[in-house]
Structures are given as structure tokens and as C-alpha cells.
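Chains as they are written, first to last, in the UniProt record's numbering: chain A, 1 to 61; chain B, 1 to 61; chain C, 1 to 61; chain D, 1 to 61; chain E, 1 to 61; chain F, 1 to 61.
What follows is the structure, given as C-alpha cells:
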């Protein structure tokens with residue numbers, strides 16, 4: 001621990017995901033004084049059909 | 001915020017998911033006095049192989 | 001299943017939480033064609049110090 | 001309730017998942033004094049591209 | 001990884017929680033062929049006011 | 001969206017939590033090309049009694 005879960009819409013490139021894990025780990029390590037070896041980051045991709053904002057799905061906008 | 005996550009078995013139609021986002025957003029907005037623009041709903045579908053009840057998976061019933 | 005998790009800022013009354021569980025259950029039952037006996041709703045309250053939007057915590061706004 | 005979520009890397013066999021649901025349910029029932037009928041277990045598989053440890057994704061190791 | 005989250009109603013003793021972490025870790029290790037050093041278990045206690053089943057909260061039953 | 005959840009052991013200062021929200025938001029915005037206004041960060045603190053690693057709780061180590 002710390003365990004970080006990042007939920008975001010589908011569509012990011014592999015390079016973006018690689019950089020996201022690296023930079024988020026750095027940010028958490030630096031601010032929470034946690035050794036990087038203790039930090040896990042999980043990316044959860046959400047399809048447009050499965051994300052609603054203000055009652056409307058991204059796929060219906 | 002509020003953020004609502006709805007975990008349910010795979011198999012609902014696109015129309016059902018559309019209505020679910022709409023009606024759940026209304027229900028939360030009405031009861032929690034939260035403007036709809038602040039409400040996000042995420043649907044997470046679970047495969048039968050990945051859901052167990054009383055020790056038995058839905059795929060093994 | 002379905003399992004619904006509602007994350008929202010601390011501060012709602014007991015009456016609001018009671019109504020939220022009732023209305024969200026109705027909304028999910030009606031739209032996902034799920035018997036109410038299968039539906040669980042969990043409320044998770046978030047403190048202002050623990051919620052950030054656009055990089056700023058609600059407690060620092 | 002209890003609701004158990006098990007997040008693990010993709011790749012377990014169907015037999016392993018079947019046994020995991022059974023044994024985890026037993027463990028929770030026995031130690032938390034919860035009837036098995038009240039226990040749900042959800043398996044969430046994570047792709048290697050979506051799991052980072054110490055800033056590096058499993059897919060980049 | 002694996003990461004296990006166990007959501008259960010408030011009220012278990014410290015001994016029960018200790019045993020739950022131990023037995024759940026054993027069950028996951030044995031069935032998912034995962035070394036115990038890779039397994040994390042998080043207990044999340046839910047208050048009766050925050051858990052609804054079939055539209056009614058445990059605190060209102 | 002993106003929604004980021006950071007689970008970490010209880011005990012960080014208010015200043016650490018403030019910086020964590022700021023830096024994690026920056027990291028996600030920069031790498032996932034997401035406007036900061038779309039990014040939410042939730043901190044979830046875990047008590048030592050509720051976190052197990054390799055079958056042993058932090059409170060029992």
C-alpha cells in the first residue's frame with residue numbers, strides 16, 4: 001500500500017498508460033512518503049456505454 | 001460527486017443501460033439533493049464465471 | 001446482484017440516506033429487470049479532506 | 001453481505017476460479033460467522049498493461 | 001496482487017478480523033497459486049445505516 | 001472522469017493529503033491528456049487492523 005485505482009474512458013494509448021503509471025507512482029511516493037516498491041497502480045478502462053454524467057451516457061451524447 | 005457504481009451480471013441491453021443511468025441519476029439527485037451535473041454513474045458488468053454466491057459461481061449453477 | 005455503491009460527501013441526513021437506498025433500488029429494479037431482493041446498495045461517505053476536484057480538495061476551497 | 005472482491009492478474013484457469021470462489025467463501029463464512037448464503041465473491045481480472053508496481057507495468061517488465 | 005477487499009457489516013471482533021485475513025489469504029494463495037507475499041487483504045466495515053437490501057437499510061429493519 | 005482512488009494507511013498529515021491530490025491530478029492530467037476539471041481524486045484511509053499482507057495484519061506485526 002498505497003493502492004491507486006485510475007478509472008478512465010477507453011481509448012488511451014499504451015504509451016499514455018505506461019507514463020500514467022510511472023508519473024502517478026512518483027506523485028504518490030513523493031507526497032505520501034511511500035517507497036515506490038509499496039505502490040500499486042491499477043488502470044480500469046470504462047466504455048462510453050458504461051459511463052453516465054448528468055443522467056446521459058457518453059455513448060448517447 | 002456523487003459517484004455511483006452499479007455492478008451487475010452481463011446481458012442487459014443497451015436500452016436498459018441507458019434507462020438505468022437516467023433513472024439512477026434522478027433517484028440520487030432527488031434524494032441526496034445533488035445537482036444532476038455533479039452525478040456520475042458507472043456500470044460494471046460481471047461475467048457469470050466471475051460471480052459467486054454461497055460458494056458457487058453463477059456459471060456453475 | 002446488482003450491487004450499487006454510492007459515494008457522496010459527508011453531511012446527508014438519515015432521512016436522505018433512507019430515501020436514497022429506497023429510490024435507487026427502485027430505479028435499478030425497474031430498468032435492469034432485477035428483483036429487489038437481489039439488489040444491495042452501499043453508501044460510502046467521503047470527508048471534504050479526502051475529495052479533490054481539479055487538483056483542489058473540497059476542504060481547501 | 002459480506003461482499004468479497006478479488007482483483008488478480010489475467011490468466012487463471014476456470015478450475016482455479018471455481019476453487020477460489022468456494023474456498024474464499026468458506027474462509028469468510030468460518031471466520032466472520034456469516035452464513036454462506038449471505039456471501040458474494042466477485043473476481044476482477046486485471047490485464048498486465050493495467051497493473052503497475054513501483055512505477056512499472058507488468059507488461060513492461 | 002492479488003488484492004482482496006472484504007466488505008462486511010460493522011461489529012466483528014479483532015480476533016475475527018485477524019482470522020479472516022489469515023484464512024482468506026490462505027484460500028487465495030492455495031487456489032490462485034499466488035505466493036502469500038503477493039496477497040493483500042483489505043477489510044471495509046459498513047455501518048447499518050449505509051447498507052440497503054431490497055430497498056430497506058439494515059438500520060431500518 | 002478520470003476518477004482516481006488512493007487507498008493508503010491512516011496517518012498522513014493534512015498537508016500530505018493536500019499535496020497528494022494536487023500532484024496526482026497533475027500526473028493524470030499530463031499523461032492521460034485529461035483536463036484537470038474532469039479529474040476527481042478520492043483518498044481512502046485504511047486502519048492497520050484492516051490491512052493484511054501475506055496473511056498478517058499491519059496491527060499484528
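From the three backbone atoms N, C-alpha and C, an ideal C-beta is built for every residue, glycine too.
Neighbour flag for residue i against chain D, beta carbons, 8 Å
i, result
"residue 11(B)", "no"
"residue 51(B)", "yes"
Closer than 8 Å to chain F by CB, residue i
i, result
"residue 54(A)", "no"
"residue 36(E)", "yes"
"residue 45(A)", "no"
"residue 7(C)", "yes"
Short CB-CB distance (under 8 Å) between residue i and chain C
i, result
"residue 42(E)", "no"
"residue 65(F)", "Coverage of chain F is limited to positions 1 through 61, which leaves residue 65(F) absent and any answer about it impossible."
"residue 17(E)", "no"
Identity of the residue in the options nearest residue i by Cα
i, options, result
"residue 1(F)", "35(F), 55(F), 15(F) and 52(F)", "35(F)"
"residue 60(E)", "11(C), 8(C), 5(C) and 21(C)", "21(C)"
"residue 10(A)", "51(A), 56(A) and 55(A)", "51(A)"
"residue 15(D)", "30(E), 38(E) and 46(E)", "30(E)"
"residue 57(A)", "26(B), 40(B) and 3(B)", "40(B)"
"residue 68(B)", "32(C), 45(C), 44(C) and 13(C)", "As shown, chain B starts at 1 and ends at 61. That puts residue 68(B) outside it, with no answer to give."
"residue 38(D)", "8(B), 46(B), 55(B) and 4(B)", "55(B)"
"residue 42(D)", "47(E), 18(E), 19(E) and 28(E)", "28(E)"
"residue 25(F)", "4(F), 53(F) and 49(F)", "4(F)"
"residue 8(A)", "19(A), 44(A) and 49(A)", "44(A)"
CB contact check: residue i to chain E, cutoff 8 Å
i, result
"residue 48(F)", "no"
Min CB distance residue i to chain B below 8 Å
i, result
"residue 83(C)", "There is simply no residue 83(C) to check, as chain C begins at 1 and stops at 61 in what is shown."
The ligand ADP heavy atom lying under 7 Å from the CB of residue i
i, result
"residue 25(F)", "Summarising the ligand content, the structure contains no ligands, and the ligand ADP is consequently not present."
Every unbroken alpha helix (DSSP H) inside the UniProt domain "4-oxalocrotonate tautomerase-like" (2 to 60) of chain B [4 residues or more]: Entirely contained in the UniProt domain "4-oxalocrotonate tautomerase-like" (2 to 60) of chain B, the alpha helix (DSSP H) runs reaching 4 residues are, in chain order, 14 to 32.
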